[in-house]
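So the sequence shown is residues 544 to 908, counted in the numbering used here. First comes the structure, then the notes that go with it.
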Amino acid sequence: MRIRGARSGAFPGALRSRGPARRRGARSRDARCADSAGAGRTAPRRREAPKGPQAIVTGLSAPPRLRHGERIEVVAPSGPVPHARFERGLRILRRTFGRNVGVAEQVGAQAGFLAGDDAMRLSALQRALGADDAGAVVAARGGYGATRLLPRLDPAPLREHPKIVVGFSDVTALLCWVATEAGLCSLHGPVVTQLAELAPSDLDRLTTWLTGEIPPPLAAEEGTSVAGGTVEGPLLPGNLEVLRSLVGTRFLPSASGCIVALEEVGEAPYRIDRALTQLLQAGFFRGVRGVVVGDLYRCEQPEAPPGAPTARDVVLERLSTLGVPVVTGFGFGHAPGRNAALPVGARVRLHADDCILEFLEPVTA
544 MRIRGARSGA FPGALRSRGP ARRRGARSRD ARCADSAGAG RTAPRRREAP
594 KGPQAIVTGL SAPPRLRHGE RIEVVAPSGP VPHARFERGL RILRRTFGRN
644 VGVAEQVGAQ AGFLAGDDAM RLSALQRALG ADDAGAVVAA RGGYGATRLL
694 PRLDPAPLRE HPKIVVGFSD VTALLCWVAT EAGLCSLHGP VVTQLAELAP
744 SDLDRLTTWL TGEIPPPLAA EEGTSVAGGT VEGPLLPGNL EVLRSLVGTR
794 FLPSASGCIV ALEEVGEAPY RIDRALTQLL QAGFFRGVRG VVVGDLYRCE
844 QPEAPPGAPT ARDVVLERLS TLGVPVVTGF GFGHAPGRNA ALPVGARVRL
894 HADDCILEFL EPVTA
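As structure tokens, this is what we get:
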């Protein structure tokens, strides 16, 4: 069923609703698509980088796919790691990908709101990114602290030994660094502390991405859209507040030509409005082709007056000015039991009328 018009208390606007693999080394998107042209896939065109300090997400290279039994490095670049949840998730990680999982010693450390001091976290992360026998780096959890490490991280070891980096929430900052400094695709996906409670379909989706395959399309649940049609471009997913925190740094990628995916947790509607407004005024959304919105988990104000705009209302109102499809209701982010992994830099197609995100190419080679 489709409806037009926001419900009572929402911002005005036209809305649509929908009911319920080889030698290691990164390969460029264009090279991979040229290889597959005979199989019926259309090679994407490389775009010119925008003028200015931001690096572009289009044209990133795909790291090698994860082979079964290949080493996975687990690090905690952000906040302290809850032991019980981590151990449960670690068992799932080993059961799914093999027992060759290395856990950095600093994963059990704590320095206030950080998983060890900056020097400790930086050393562990740098070692994992440069490991020549590892096929993936997976974050133990989010929290806060990854942005503190970015200026001191050396991308050269990761470029020399490319591998897929996985995480979300605060790890958005690291994924942006991987794109802007190392020129590699990465995976916005579950952290280790989520794995034990993750829906089987989302664990399957994570496995599919890591092993060089393309997962099935992702449909929004009770999705609502501003504008319609179908748009295509590289995907740039991340946490709203973390992306906002990168404004003014060299680590915020350009979203020009991209489809942006946003999620958030624990931020009141007015704070979401503020973050979106800053990104809009900073030009982050300039040239964007579409926006998909995941979980806005615990983003409502319990004491809000009747008719006050919800977090979703705010997102739709602020982004409706872009004149591109904006679709809410996708199952990725902080909500319990789910977090669909999304590629950073791989091409996707957004079917706004049907509230479906289709994946067009793998994120690993």
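Beta carbons: idealized from backbone N, C-alpha and C, even for Gly.
Here DSSP, grouped into helix, strand and coil, assigns H611 to coil.
Close CB contacts of R684 within its chain, under the 6 Å cut and outside five residues either way in sequence, are with V624, V734, T736 (chain order).
In the displayed model, D856 falls within a helix according to three-state DSSP. Beta-bridge partners assigned by DSSP to Y840: V808.
Counting along the chain, S768 sits inside the beta strand (DSSP E) bounded by residues 767-769. Using a C-beta cut-off of 8 Å, the stretch 843-861 makes no contact with the stretch 894-906, since fewer than three inter-stretch Cβ pairs fall below that distance.
For R892, the uninterrupted beta strand (DSSP E) segment begins and ends at 890-894. Inclusion of L778 and V870 in the CB contact set at 9 Å is not warranted, their separation being larger than that value.
In the three-state reduction of the DSSP assignment, I757 falls in the coil class.
Each residue's CA atom was taken as its position, placing D838 and A878 some 6 Å apart. According to the DSSP secondary-structure assignment, L727 is paired through a beta bridge with S604.
Distance from the CA atom of A699 to the CA atom of L865, rounded to whole angstroms, is 37 Å. T871: not part of any beta strand (DSSP E); DSSP gives it neither H nor E. Within the stretch 673-714, the runs of alpha helix (DSSP H) that reach at least 4 residues and sit entirely inside it are, in chain order, 689-692, 699-703. For the 9 Å CB-CB criterion, N782 and T690 do not form a contact. P812 and N643 have their alpha carbons spaced roughly 43 Å apart. The beta carbon of V835 sits closer than 7 Å to those of I802, A804, V870, F873, L893, L900, all from its chain and outside the five residues before and after it, given in chain order.
Boundaries of the beta strand (DSSP E) harbouring G776: 773-782, taken from the DSSP string.
Secondary structure note for F629: its alpha helix (DSSP H) is the uninterrupted segment 626-640. Between A682 and H731, the alpha-carbon positions lie close to 11 Å from each other.
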